[in-house]
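Numbered continuously in this note's numbering, the sequence shown closes out at residue 341. Beta carbons: idealized from backbone N, C-alpha and C, even for Gly.
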Amino acid sequence: MFRFLFVFCAVACASLCTDLTVTPAFAQTSPFAFPPSANAEEAIRLAFYDYDKNLPLKTLEQKLPDANERRTRTLVGYDSVHDQRVSAIIAVPKGFTAPYPAVILVHGSGGNKDTSYIGWISEMLLKQGFLTISIDTQYHGDRARPGRSGEIHMPDSFTMRDGWVQSVVDLRRTVDYLESRPDVDKRKIGYMGFSQGGMLGAVFGGVESRVNAFCLAVPGGGFIDLVNHIDQYPVLKAHWPIERTPEVMKRVVEISNITDPIHFVGRIVPRPLMVIVAKHDEIIPPEASAALVKASGVKEENIKRWESGHILNPNAFFDVMRFFVQTFGKTQTSTK
């Protein structure tokens with residue numbers, strides 16, 4: 006489910022180096038802090054995503070061959086919780102002065118850290134002086150395992166719940182890694198997630214205060230309602246073959262209370278947030294998009310609604326690039 010592909014047209018490729026002259030719209034003068042938990046239920050939900058912050062990263066890096074002379078790309082590995090290793094690609098621009106703003110990029114359920122659309126948005130941001138890091142979430146890319154689906158959002162599986170929680174904590178470890186680098190501007194760390202990666206980002210933003218701006222593309226929420234009305238969504242039902250017995254529904258409720266983005270996304274604001282919605286999304290039902298948007302509290306002006314299906318018009322990439330450049334500003338070019 007949520008296999009996120011893009012048909013990237015030649016016009017968009019030719020426009021990758023579009024110059025943007027902007028004044029940053031966001032300047033973080035003090036660290037963002039979450040309000041206290043509203044109740045015991047929320048405190049328990051948030052606790053699933055906490056971790057030992059003193060855990061050593063044990064970082065290993067390997068430079069990747071790259072014909073593009075305007076960047077360097079490095080394969081990075083670092084420790085996460087449950088004795089897991091995060092596999093990531095970090096791309097650093099050339100011709101700009103460090104420290105760089107950084108954007109974490111996360112794929113959909115059918116992708117990985119080096120899938121095509123991740124590479125395209127990375128290249129666009131690099132040409133604006135941004136550093137990017139893309140990770141393999143649990144059961145994707147270097148972390149794929151036989152017999153394990155990459156659709157970790159499925160709300161009737163405790164195994165998928167654990168993969169979901171693991172991926173969110175892996176993202177928190179990614180911030181730990183970025184903060185260990187002297188070439189990253191710690192005040193300007195952003196997040197960009199597609200489809201399942203957008204939903205993960207909604208949860209990530211609700212538990213991680215060190216990320217300063219979020220863009221969530223074609224995400225959804227309201228898992229319990231989706232399961233209750235699954236017969237109305239044949240494409241979704243093909244990916245969620247859930248039999249609504251009392252026992253299964255009890256499990257869906259338990260898992261959704263921990264994983265559903267609607268419980269977390271409202272904690273992102275007042276940090277900058279942009280949500281991209283596909284008006285004719287054949288995979289994410291409109292009710293699921295609306296549930297996430299409503300829970301987010303984002304202003305309508307920060308919702309980009311595209312006349313497309315789940316495969317977005319490639320021009321949506323420019324919305325993403327503008328959002329981060331307008332939020333953080335362009336990086337100063339190097340005089341070397």
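- Message: Going by DSSP, what residue range makes up the beta strand (DSSP E) through G197?
- Response: For the purposes of this step, residue 197 is identified with residue 192 of the sequence shown, where counting begins at 1. The displayed chain sequence assigns Met, not Gly, to residue 197. It spans 189–199 - the beta strand (DSSP E) in which M197 sits, taken as one unbroken run.
- Task: Put K304 into one of helix, strand or coil per three-state DSSP.
- Result: Taking the first residue of the sequence shown as 1, we reach residue 304 at position 299. The answer is coil: DSSP assigns K304 none of H, G, I, E or B.
- Cβ-Cβ separation, I273 to A321 (assumed contact under 8 Å), whole Å: For the purposes of this step, residue 321 is taken as the residue at position 316 of the sequence shown. For the purposes of this step, residue 273 is taken as the residue at position 268 of the sequence shown. In fact, because the Cβ distance is near 20 Å, the residues do not count as touching under 8 Å.
- Measuring alpha carbon to alpha carbon, tell me which of V240, H244, S185 ends up nearest L65. Position 60 of the sequence shown holds residue 65. Per the Cα distances, S185.
- Coarse secondary structure for Y238, derived from DSSP in three states: Numbered from 1 along the sequence shown, position 233 holds the residue referred to as residue 238. It is coil, neither helix nor strand.
- Message: Suppose only complete runs of 3+ residues qualify. What are the beta strand (DSSP E) ranges in the region 132–218, listed by chain order?
- Response: Taken in chain order, the whole beta strand (DSSP E) runs of length 3 or more contained in the region 132–218 are 136–140, 189–199.
- Query: S92 bridges to which residues according to DSSP?
  - Reply: As a working mapping, residue 92 is identified with position 87 in the sequence shown. As DSSP reads the structure, S92 sits in a beta bridge with G82.
- L110 and S139 closer than 8 Å at C-beta: Position 105 of the sequence shown holds residue 110. Position 134 of the sequence shown holds residue 139. Here L110 is near S139, since their CB atoms are less than 8 Å apart.
- Message: By alpha-carbon positions, which one of K304, G302, S114, M204 ends up nearest to T4?
- Response: What the structure shows of the chain is the stretch from 6 to 341, and residue 4 is not part of that stretch, so it cannot be assessed.
- Under three-state DSSP, which class holds E287? If you number the sequence shown from 1, residue 287 lands on position 282. Coil at E287, not helix or strand.
- Task: With DSSP collapsed to three states, give me the class of W125.
- Result: Translated into the one-based positions of the sequence shown, residue 125 becomes position 120. Correct three-state label for W125: helix.
- Task: Count the other C-beta atoms from every protein chain shown that fall within 10 angstroms of the C-beta of A48, then say buried if there are 16 or more, exposed otherwise.
- Result: Along the sequence shown, read from residue 1 onward, the residue named residue 48 stands at position 43. Counting the other CB atoms within 10 Å of its CB gives A48 a total below 16, which places it among the exposed residues.
- Item | Beta-carbon separation (whole angstroms), R276 vs N217, contact threshold 8 Å | Your numbering for residue 276 matches position 271 in the sequence shown. Your numbering for residue 217 matches position 212 in the sequence shown. Between R276 and N217 a beta carbon distance of about 6 Å is seen, short of the 8 Å cut, so the two are scored as contacting.
- Query: Does DSSP classify R310 as helix, strand or coil?
  - Reply: Taking the first residue of the sequence shown as 1, we reach residue 310 at position 305. Strand at R310.
- Query: In three-state terms, what does DSSP make of L21?
  - Reply: Here residue 21 corresponds to residue number 16 of the sequence shown, with the count starting at 1. Low confidence applies here, because L21 scores a pLDDT of 47, under 50, leaving its location unreliable and the question unanswered by this model.
- Item | Span of the beta strand (DSSP E) around P106 | Residue numbering aside, residue 106 sits at position 101 when the sequence shown is read from its first letter. Element bounds for P106: 105–111.
- Query: Mapping DSSP to helix, strand and coil, what is L278?
  - Reply: The count along the sequence shown starts at 1 and reaches residue 278 at position 273. Reduced to three states, the DSSP call for L278 is strand.
- Message: Please report the straight-line C-alpha distance between T4 and S214, rounded to a whole angstrom.
- Response: Outside the shown range of the chain, which is 6 to 341, sits residue 4, and nothing can be said about it.
- Do V97 and L62 have their C-beta atoms within less than 8 Å of each other? Here residue 97 corresponds to residue number 92 of the sequence shown, with the count starting at 1. Here residue 62 corresponds to residue number 57 of the sequence shown, with the count starting at 1. No, these two residues do not count as a Cβ contact at 8 Å.
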